[in-house]
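Protein chains in written order, with the numbering used here: chain A, 135 to 246; chain B, 43 to 156. We put the CB at the ideal spot given by N, CA and C, even for glycine. One structure is given here, and the rest of the page talks about it.
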Amino acid sequence: MRFSLFIQDSPDAGTAVASALGFAIAALAGGHAIRQVFLHGDGVRAARAGADVDADLWALLALARQRRIPLLACSTWLEKLGVEPVAPVQRGSLGQWCDALDEVDRVVSFRA
Amino acid sequence: MKRVAILFSHGPWRGVDAAAGIDAALSLLAFEHELQVGFIGAGVEMLCGSADGDERSQRHRMIAGLRHHGASTMVASRECLESRQLQPHLDGLDILPRARFAAWLAGTDHVLCF
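Written as C-alpha cells, this is what we have:
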C-alpha cells in the first residue's frame, strides 16, 4: 500500500512523531511505500529541528532523507507559528497534500 | 477524486485543532475531493453556536459554512450529543447512532481526525 502520513502535533506535545516514525519503519519494512509526510497545525513545529531535537524526530528526518520521502510542512502554519523549516523539511501547501491523496491508498494521521 | 472524511473530535476551545480541520476541509473542496464531515466526542460541541461572538461562535459559523461550500455529508454522533445534552444548530446535519456512524466512516477513502 501507499501511505501519506499527516502529523498534527509537535514533538514536545506527545507521541505523534514517535508514532509516525514507528509506523513508517514498520510500513517500509513490510514493503509498503510512504509517498509523503505532511506536517500541519502544531505539527509544523517539528520543521525547526536543530541539533537538540529528540531522538524520534531525528530518526524520522534521517529516514526521510535516506528513503527520499518528501517531508513537507504547511507554509500557512509555518508563518502562523513563526517556524523556519530546516532541511530535509520543505515548505509545502495543503494543495500538495490534496494532490497526493489521489496517489495513496491511505492517509494516516498522528496526534498527541 | 477521493471521498475524504474530516472528523472533529475536540471542542471549539482547542483552537489549533478546529482551525486546522477547517483549513484541511476547505482545501479538499478546492481540490475537488468529496468532503464529508463528522463530529464525535467533544467535537459535537462545535455544532452549537454561542451568542457571545467569541471564538466558539466563529468556529460554529465556519463549520456551518462548510455545507454551503460543498461538503456532501455532515454527520454527528447521537450518543455524543445525548451525553452532553446538546441540540445542534446546523442545517443538513444527520445524527447517527454509533453503528451507522461507523458504517459512514468505513465508506470513505481517507479519514483525518482533528
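Please work out which residues of its chain come closer than 6 Å, Cβ to Cβ, to residue i, disregarding the five sequence neighbours upstream and downstream, and give them in chain order.
i, result
"ARG45 of chain B", "GLU76, THR150, ASP151"
"LEU123 of chain B", "VAL86"
"ARG199 of chain A", "PRO222"
Tell me which residues share the same chain as residue i and place their Cβ nearer than 8 Å to its Cβ, disregarding the 5 neighbours each side in the sequence.
i, result
"ALA62 of chain B", "PHE156"
Exposed or buried, what is residue i when buried is set at 16 or more other beta-carbons lying within 10 Å of its beta-carbon?
i, result
"ALA160 of chain A", "exposed"
"SER69 of chain B", "buried"
"ASP176 of chain A", "buried"
"ASP233 of chain A", "exposed"
"GLY226 of chain A", "buried"
"GLY80 of chain B", "buried"
"GLN127 of chain B", "exposed"
Of all Cβ atoms in chain A, is any one closer than 8 Å to the Cβ of residue i?
i, result
"CYS122 of chain B", "no"
"ALA13 of chain B", "The structure shown has nothing for residue 13 of chain B, since chain B only spans 43 to 156."
"LEU154 of chain B", "yes"
"LEU135 of chain B", "no"
Taking 8 Å as the threshold (beta carbon to beta carbon), is residue i in contact with chain B?
i, result
"GLY226 of chain A", "no"
"SER209 of chain A", "no"
"ARG169 of chain A", "no"
Checklist entry - What are the complete alpha helix (DSSP H) segments, minimum 4 residues, inside the segment 52 to 84 of chain B? => result 57 to 72
Every unbroken alpha helix (DSSP H) within the segment 84 to 111 of chain B, with a cutoff of 4 residues, ordered by chain: 97 to 111
Which residues, in chain order, does the segment 137 to 166 of chain A contribute to contact with chain B at a C-beta distance below 7 Å? PHE140, GLN142
| said: Threshold first: 3 residues or longer. Then list the beta strand (DSSP E) segments lying entirely within the segment 180 to 208 of chain A, N to C. | reply: Taken in chain order, the complete beta strand (DSSP E) segments of 3 or more residues contained in the segment 180 to 208 of chain A are 205 to 208.
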